[in-house]
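Quick note, the sequences are listed as chains Y and W, same order. Each residue of the first sequence is one higher than the one before, starting from 3 at the first, in the working numbering. Each residue of the second sequence is one higher than the one before, starting from 5 at the first, in the working numbering.
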Amino acid sequence: RKEVEQDPGPFNVPEGATVAFNCTYSNSASQSFFWYRQDCRKEPKLLMSVYSSGNEDGRFTAQLNRASQYISLLIRDSKLSDSATYLCVVTWAGGFKTIFGAGTRLFVKA
Amino acid sequence: ETGVTQSPTHLIKTRGQQVTLRCSSQSGHNTVSWYQQALGQGPQFIFQYYREEENGRGNFPPRFSGLQFPNYSSELNVNALELDDSALYLCASSVTGQEKLFFGSGTQLSVL
């Protein structure tokens with residue numbers, strides 16, 4: 003089993019749609035969780051951290067369920083500019099071990 | 005811009021050759037991690053350097069090696085290149101105890 007697994011995608015959605023990405027992790031000692039965004043052949047960029055209490059940044063909402071070892075990202079009112087690959091990231095050992103999921107590709111169409 | 009710079013941006017090598025990739029970390033960042041990203045995959049952790057020592061390593065053979073310098077910049081060396089080494093190599097800097105990574109724009113390596 004992979005340490006971090008994501009929905010394989012791709013997701014094709016119209017503008018204005020709501021889309022949800024799921025991610026599971028296998029290491030129960032995992033400490034911190036993030037979503038990164040990666041545009042085609044560019045470097046990943048931090049989108050947001052993920053907390054057990056849930057956190058929101060504009061149209062983006064992230065949620066963590068430690069008991070189920072599950073992370074989610076919800077994007078509301080999708081824009082064309084949201085088209086990218088979304089990477090689920092899990093860290094432990096004080097940040098000295100960081101594992102990326104394979105990513106889920108999102109295409110938002112007009 | 006993250007302040008993390010990588011060089012070169014693109015590189016073409018042939019099987020069996022050796023390559024050195026370079027990374028300058030963001031000011032104030034003392035930890036550098038290297039990742040390999042094949043097409044359609046997520047970044048795979050190669051190793052991490054902290055205080056000029058290798059501080060963790062992923063599932064990569066010994067022909068992948070690295071260095072960190074006193075100014076926290078870093079090099080990734082790959083010997084005896086194989087076709088499967090063709091990938092985007094990403095460097096990320098961070099501050100010890102802070103887990104957010106700041107990536108450079110990467111080096112695209114093609115092995116022919």
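Virtual Cβ for every residue (Gly too), placed ideally from N, Cα, C.
At least one CB of chain Y closer than 7 Å to the CB of residue i: is that the case?
{"i": "Leu94 (chain W)", "result": "yes"}
{"i": "Pro65 (chain W)", "result": "no"}
{"i": "Glu103 (chain W)", "result": "yes"}
{"i": "Ser11 (chain W)", "result": "no"}
{"i": "Pro47 (chain W)", "result": "yes"}
{"i": "Phe51 (chain W)", "result": "no"}
Taking the straight line between their C-alpha atoms, what separation do you get for residue i and residue j?
{"i": "Gly60 (chain W)", "j": "Ser29 (chain W)", "result": "18 Å"}
{"i": "Gln45 (chain W)", "j": "Ala91 (chain W)", "result": "10 Å"}
{"i": "Pro46 (chain Y)", "j": "Gln33 (chain Y)", "result": "20 Å"}
{"i": "Leu105 (chain W)", "j": "Leu15 (chain W)", "result": "24 Å"}
{"i": "Glu58 (chain Y)", "j": "Gln8 (chain Y)", "result": "20 Å"}
{"i": "Phe49 (chain W)", "j": "Asn63 (chain W)", "result": "8 Å"}
{"i": "Asp89 (chain W)", "j": "Leu113 (chain W)", "result": "8 Å"}
{"i": "Ile101 (chain Y)", "j": "Ala112 (chain Y)", "result": "34 Å"}
{"i": "Leu49 (chain Y)", "j": "Cys27 (chain W)", "result": "23 Å"}
{"i": "Glu66 (chain Y)", "j": "Val52 (chain Y)", "result": "First, the residue type needs correcting, since residue 66 (chain Y) is Leu and not Glu in the sequence shown. Taking the straight line joining both Cα atoms gives about 6 Å."}
Residue i CB to nearest chain W CB: under 7 Å?
{"i": "Lys99 (chain Y)", "result": "yes"}
{"i": "Ser55 (chain Y)", "result": "no"}
{"i": "Glu7 (chain Y)", "result": "no"}
{"i": "Ser30 (chain Y)", "result": "no"}
Starting from the C-beta of residue i, find all residues in its chain whose C-beta is less than 7 Å away, skip the five residues before and the five after it, and write them out in chain order.
{"i": "Leu87 (chain W)", "result": "Arg19 and Val115"}
{"i": "Arg67 (chain W)", "result": "Val82, Asn83 and Ala84"}
{"i": "Thr26 (chain Y)", "result": "Glu7, Gln71 and Tyr72"}
Please work out which residues of its chain come closer than 8 Å, Cβ to Cβ, to residue i, disregarding the five sequence neighbours upstream and downstream, and give them in chain order.
{"i": "Phe109 (chain Y)", "result": "Pro12, Phe13, Asn14, Val15 and Ser85"}
{"i": "Pro47 (chain W)", "result": "Tyr39, Gln40, Gln41 and Leu94"}
{"i": "Gly60 (chain Y)", "result": "none"}
So the beta strand (DSSP E) residue i belongs to, where does it begin and stop?
{"i": "Lys4 (chain Y)", "result": "Note, Lys4 (chain Y): premise wrong, no beta strand (DSSP E); not H, not E."}
{"i": "Gln65 (chain Y)", "result": "Phe62 to Asn67"}
{"i": "Gly60 (chain W)", "result": "Glu57 to Arg61"}
{"i": "His14 (chain W)", "result": "His14 to Lys17"}
Give every residue of the same chain whose Cβ lies closer than 6 Å to the Cβ of residue i, excluding the five residues on either side of it in the sequence, and list them in chain order.
{"i": "Thr63 (chain Y)", "result": "Leu76"}
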